[in-house]
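Below you'll find the structure, written out as structure tokens, and then a few comments.
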Amino acid sequence: EAASGGRSAAPDSDPDTGPDADPETGPDADPETASATVTVAGLLADAEGPGRDEEGTLALDLLAVLDAPQLDVETAAMLVESLPDGARLVLSGDPGVLWSAGPGRVFADLVAARRCPQVVSRTPDPGPIGELISGIGIGELNQVEAPGKEVVIVPVRDAGEAVHRTVQLVADSVPRAIGIPAEQTQVITPGHGGAAGTRALNAALKDRLNPGPGRFGGFDPGDRVAYSPAPGRTVPGTVVSADAEGLRLDCAGAPVVVVREEVGELVRHGWALTAHQAAGARWPAAVVVLPGDATAGLTRAWVYTAFGRGERHLSVVHGAESALPKAVAEIPFKDRTTRLRALLQAQAPTAPTD
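All residue numbers for the sequence shown refer to the numbering used here, where the first residue is 13 and numbers rise by one.
As structure tokens, this is what we get:
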């Protein structure tokens, strides 16, 4: 079964899973029936969730996957193969966001094939940010009324000014005017390279927010990081310390040790992320940087994803000029060649949509 529609928050860019669409939680929940929320990676690695039965399949009757557009072909196949006979699979997600970092467009192909039941939710998020995102989803970049400074546009002339204004927003303007501290604000930019890519922005943000010599592979305690334990998966974290065993991180309360030899490959500074890295997660505030040299990579899906990462506040550092409305109106996404839709349409009858 596939359900398409409303966005859902996730603690990292790995799609979250839960064996019930309406979990019972809290101190009074029955431990025999209460639902668990785990990550897809943890579920498949048998590190989280109900475990597997004697046949090697997951011991569950219903699996609900949130942020399902982030599932690539390999991960989706592993999930399906892990389900026992008779189990139900519910995929939930927003079809307007960027596709997975890995190969395929599983969720989009399932929705387009119309070979499994679908439930469409058209309820937008409230407020100016929700109004802005709803317009982008249909190819319209509208001006919205934001009396509480929920949406702020900051024009810049070049990449150098974009970096300067971004640091100013994160470190000073957003905390002072909106009341959201720097550690709850995420910067998003189109790419890693360039004068206003993640590398340049993270260097400037570290210098302002957590200056230090970077004794362990360029990192210091207190640094905000993006940990990538597998291709296409990004887990936000904070550097705790470093010792002979490696770099010690705190990732949403879970301790992680990255051995010295792998730090350069698996850990980046994380004050600034790409939209692909940020997809599947939301923060109280987001600062989206659109430098003029990155306009070639803009699409409606990119803008929709990046602008939708802020729950209470969105600042747009805007140097893209006319490329931004053009991308929203004329470039829905970067196409991918896949076979899943055709295979599904050849094998099963059309399913109803509610």
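Each residue gets a CB set at the ideal place from its N, CA and C atoms; glycine is no exception.
Annotation: residue 354 to residue 180 spans about 49 Å, alpha carbon to alpha carbon.
Of the candidates 75, 324 and 275, the residue whose Cα lies closest to the Cα of residue 237 is 275.
As computed with DSSP, residue 228 is found in a beta bridge with 231. Distance from the CA of residue 300 to the CA of residue 98, rounded to the nearest whole angstrom, comes to 44 Å. Nearest to residue 110 by C-alpha distance, out of 292, 330 and 166, is 292. Cβ neighbours of residue 226 within its own chain (closer than 7 Å, five residues either side excluded): 232. For residue 132, the three-state secondary structure derived from DSSP is strand.
In the three-state DSSP reduction, residue 314 falls in the helix class (H, G or I).
Rounded to the nearest angstrom, the Cβ distance from residue 262 to residue 246 is 15 Å, too far for a contact under 8 Å. In this structure, the beta-carbon distance from residue 335 to residue 310 falls below 7 Å.
In terms of CA proximity to residue 254, 228 leads the group 228, 318, 265 and 83. In this structure, 350 is the residue among 219, 134, 302 and 350 with its C-alpha nearest to the C-alpha of residue 118. Out of 190, 188, 206 and 182, the CA that lies nearest to the CA of residue 198 is found in 182.
Around the beta-carbon of residue 265, fewer than 16 other beta-carbon atoms lie within 10 Å, marking it exposed.
Here DSSP, grouped into helix, strand and coil, assigns residue 298 to strand. One alpha carbon belongs to residue 107, the other to residue 257, and they sit about 42 Å apart.
A check of alpha carbon separations from residue 130 across 143, 104 and 147 identifies 104 as the nearest. Between residue 136 and residue 146, the beta carbon gap of about 4 Å places them in contact (Cβ cut-off 8 Å).
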